[in-house]
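Colleague: So that we are looking at the same thing, I have put the structure below in C-alpha cells.
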Amino acid sequence: MKILYLHQYFKTPQEPGGTRSYWISRELLSRGHEITLIAGRQNREKNREVRIIDGIKVVYFKAPYDNAMGMTRRIIAFLKFMFWSTWELLNQKKADLVIATSPPLSVGFPVLILSLFSKTPFLFEVRDLWPEVLVQMGSLKNPILRKMAYAFERQIYKKARHVVALSPGMKEGIVTAGVAPQKVSVISNMAKIDKFWPREKNTSIFERFKLNPTSFKVIYFGTLGYANGLDNFVNAAKLAKLKNIEDIDFVLIGNGAMKTRYEEVKNKEEINHLMIHDTLPMDEISELVNVCDVSYVGFSHVPVLKTNSSNKFFDTLSAGKPIIINYDGWMKDIIEKGECGIAVHPTDPNDLLKGIISLKENPEIVKKMGQNARLLAETQYDKSILCRKFADVVETICLTPFKENGID
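Once you know that position 226 of the sequence shown is 232 in this note's numbering, the rest is easy, because the numbers rise by one and skip nothing.
Here you go:
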C-alpha cells in the first residue's frame, strides 16, 4: 500500500525533537507499505528536496519553524507548509491512505482539499487539541477566528476515516466536538527503551555540563515555551540558592520562547546550580538523563494542557528515573498508580523544592520508583508496542473497505 504522511515537524533520531512519526513510518515499512513523508525543514537551499532516510522517502519543503518565533512568523510558517504540502498531495501519484498529524491544525487543509478531488481516505492524528490549546493559552482571541477554527476542526474530524488521539483527555475533546467514540483510538506517545535506559554513568558528562558529581540532579528536557510551566522550576532553583542548598543541581535542556528570559534570571540572580543548555540530539540527551536523579515534567496551569502526552514523560520512564509532575491529569494518574514519581503544586516553587528534597533524602525510594518507571516503559509504552497498535489501526480500519464509523 502507498501511504502519504504529513508531519510539519518530522524529526529523525539523529535530530533534536519528537521522533514518533519516524518510528511509525518504520513499522509501516516493515509491513511492506510504501511511505512518502512530507515535512517542513529549516536551512534548506532548495524549496523542495527529496531524501531517502532509512527507507522512508521524505519530501522536505523550506518552511522554517521554531518555538521561539512570534505569532506572525509562526503563522507564516504554517501557511507555507500548508501551501506546499497541498501542492505535493495533489501532484503525487494516487495513494491508498494519507496520514496527517497535528499540530499545527493547518495540516488538515491539504487532506480536505485532496478529499474534494479524490476518494483517498485519511487518518488524522491529534497530538494536541488545537484550536482549544490556542484559545486557552490566549493566542487566539478574535471570536470570529475562534468560530472558524472550531468549524475547521470539526470538518477535519468529519471527513477523516479515523482519528488517533494521544491521550484519553484528547479523545474526550474530540468526542465533544461531535465525533463518535468508536471513530477515535487512543495511542499515547511512546517510550524508547533502546534509546533511554539505566546504565553506568558517563562521568565526562559532569564536566561538560558543569555538574557537581555528588549533587542531586533534577532535569527538564524539552521545549522551553510558554506552555511548559518552567517558571516554577527556575523559581525553585532560585529558592534553593536563598536557602543555601548547594547539593541540588537544576538542569534545563532545550530551546524556546522562554529560554532567554531564564538565562537572564540565572545570570542576574547568580544561580550557579541552574544549568541551561541548548537542545541536544537523542543520544546525548540519553547520556545526560542517565546521570541525573529525577526528571521534571511541567506545564502551565491551563486546563487543556492536562490532556498533553509528553515525549519527555515517556523518555523518562524508559530511562528508569522518577518523575516530578506539576499538574493533574492522566499522566499524574500513571505515576501514582505505577509508583514512579510524585506530583507537586503547579505554581508553588516551595512545594517543588520540598518534593525534590524529599526524594534526595530517600535514595531507596528513588531507586524503587526508577525501577517501576522502567517496568512501565517496557511493558506498556515502548514504541515496539504502540507502533504496532498504530499500524494495526491503519490496516484494519483505514485500508479496509469504507464503513461509516462515526460522526454525530
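Glycine included, every Cβ here is placed at the ideal spot set by N, Cα and C.
For Lys8, which residues of its own chain have a beta-carbon under 6 angstroms away from its beta-carbon, when the five flanking residues on both sides are left out?
Modeller: Cβ neighbours of Lys8 beyond the five flanking positions: Glu40, Ala101 and Asp102.
Colleague: Here's the rule: buried if 16 or more other CB atoms are within 10 angstroms of the residue's CB, otherwise exposed. What is Leu111?
Modeller: Result: buried.
Colleague: Whether or not the segment 298-318 and the segment 329-336 are in contact is what I'm after, with contact meaning three or more pairs of Cβ atoms, one per stretch, closer than 8 angstroms; do they touch?
Modeller: Output reads yes: the segment 298-318 touches the segment 329-336.
Colleague: Can you say whether Asp414 is buried or exposed, counting buried as having 16 or more other CB atoms within 10 angstroms of its CB?
Modeller: For Asp414, the pLDDT reaches just 32, beneath the cut-off of 50, and the residue's location in the model is therefore unreliable, leaving the point undetermined.
Colleague: According to DSSP, is Asn411 helix, strand or coil?
Modeller: Below a pLDDT of 50, predicted positions are generally treated as unreliable, and Asn411, at 44, falls in that range; the measurement from the model is reported next regardless. In the structure shown, Asn411 sits in coil (DSSP, three-state: anything other than H, G, I, E or B).
Colleague: First and last residue of the alpha helix (DSSP H) that includes Asp237?
Modeller: Note, Asp237: alpha helix (DSSP H), Asp237 to Leu248.
Colleague: Give me the Cα-Cα distance between Ala69 and Ala233, rounded to the nearest whole angstrom.
Modeller: Approximately 23 angstroms between the Cα atoms of the pair.
Colleague: Please report the Cβ distance between Met88 and Pro109, rounded to the nearest whole angstrom; I am assuming they are in contact, meaning their Cβ atoms lie under 8 angstroms.
Modeller: Contact flag wrong, Cβ pair sits at about 12 angstroms.
Colleague: Quick check on Ser145: buried or exposed, where buried means 16 or more other Cβ atoms within 10 Å of its Cβ?
Modeller: Flag for Ser145 reads exposed.
Colleague: Can you say whether Lys409 is buried or exposed, counting buried as having 16 or more other CB atoms within 10 angstroms of its CB?
Modeller: Reliability fails at Lys409, whose pLDDT of 48 lies under 50, so the model's placement of it is uncertain and no value is given.
Colleague: Since I believe Phe123 is in contact with Ala166 (beta carbons under 8 angstroms), could you give me their beta-carbon distance rounded to a whole number of angstroms?
Modeller: In fact, because the Cβ distance is near 17 angstroms, the residues do not count as touching under 8 angstroms.
Colleague: CB-CB under 6 angstroms to Lys265, same chain, minus the five flanking residues each way: which ones, in chain order?
Modeller: The answer, listed in chain order, is Leu230.
Colleague: Compare the Cα-Cα distances from Pro219 to each of His279, Val141 and Thr126 and report the closest residue.
Modeller: Checking every option, the nearest Cα to that of Pro219 belongs to His279.
Colleague: Can the beta-carbon of Gln161 be found closer than 8 angstroms to that of Leu118?
Modeller: Yes, the pair counts as a contact, with Cβ atoms nearer than the cut-off.
Colleague: Is Asn238 buried or exposed, if buried means 16 or more other CB atoms sit within 10 Å of its CB?
Modeller: With 16 or more Cβ atoms within 10 Å of its Cβ, Asn238 is classed as buried.
Colleague: Using the Cβ count rule (16 or more neighbours within 10 Å means buried), how would you classify Arg79?
Modeller: Flag for Arg79 reads exposed.
Colleague: Determine the DSSP secondary structure at Met77, reduced to helix, strand or coil.
Modeller: Helix at Met77.
Colleague: Between Asp255, Gly76 and Leu311, which lies nearest to Ile282 when the distance is taken from Cα to Cα?
Modeller: Per the Cα distances, Asp255.
Colleague: With a 10 Å radius around its C-beta and 16 neighbouring C-beta atoms as the bar for buried, classify Gly81 as buried or exposed.
Modeller: Residue identity differs from the one stated: residue 81 is Ile in this sequence, not Gly. So Ile81 counts as exposed.
Colleague: Using 10 angstroms around the beta-carbon of Gly179, count the other beta-carbons present and answer buried if the total reaches 16, otherwise exposed.
Modeller: Gly179 comes out buried.
Colleague: Is the segment 372-380 touching the segment 395-403 in the sense that three or more CB pairs, one from each, lie closer than 8 angstroms?
Modeller: Cβ pair count under 8 angstroms is below three, so no.
Colleague: Taking 8 angstroms as the cut-off, decide whether the C-beta atoms of Lys198 and Lys395 are in contact.
Modeller: Not closer than 8 angstroms, so no.
Colleague: Do you know how far the Cα of Leu358 is from the Cα of Arg267?
Modeller: Arg267 and Leu358: Cα-Cα distance of roughly 20 angstroms.
Colleague: Between Ser316 and the rest of its own chain, which residues show a CB-CB distance below 6 angstroms, the 5 nearest in sequence each way excluded?
Modeller: If we look at Ser316 and ignore the five residues flanking it on each side, its Cβ neighbours are Val303.
Colleague: For Ser108, does the three-state DSSP call read helix, strand or coil?
Modeller: The answer is strand: DSSP assigns Ser108 an E or B state.
Colleague: Work out the CA separation of Val350 and Glu342 for me, nearest whole Å.
Modeller: Each residue's Cα considered, the two are about 12 angstroms apart.
Colleague: Taking all protein chains shown into account, decide if Glu138 is buried (16 or more other Cβ within 10 angstroms of its Cβ) or exposed.
Modeller: Flag for Glu138 reads buried.
Colleague: Go ahead and pull the three-state DSSP assignment for Lys99.
Modeller: Correct three-state label for Lys99: coil.
Colleague: Could you pull out every unbroken alpha helix (DSSP H) segment of at least 4 residues lying fully inside the segment 160-235, listed in chain order?
Modeller: Listed in chain order, they are 174-182 and 210-214.
Colleague: Please report the straight-line C-alpha distance between Leu418 and Asn53, rounded to a whole angstrom.
Modeller: Shown here, the chain extends from 7 to 414; a query on residue 418 therefore has no answer.
Colleague: Would you mind reading off the limits of the alpha helix (DSSP H) that contains Lys68?
Modeller: Unbroken run through Lys68 is the beta strand (DSSP E), Ile62 to Lys68; no alpha helix (DSSP H).
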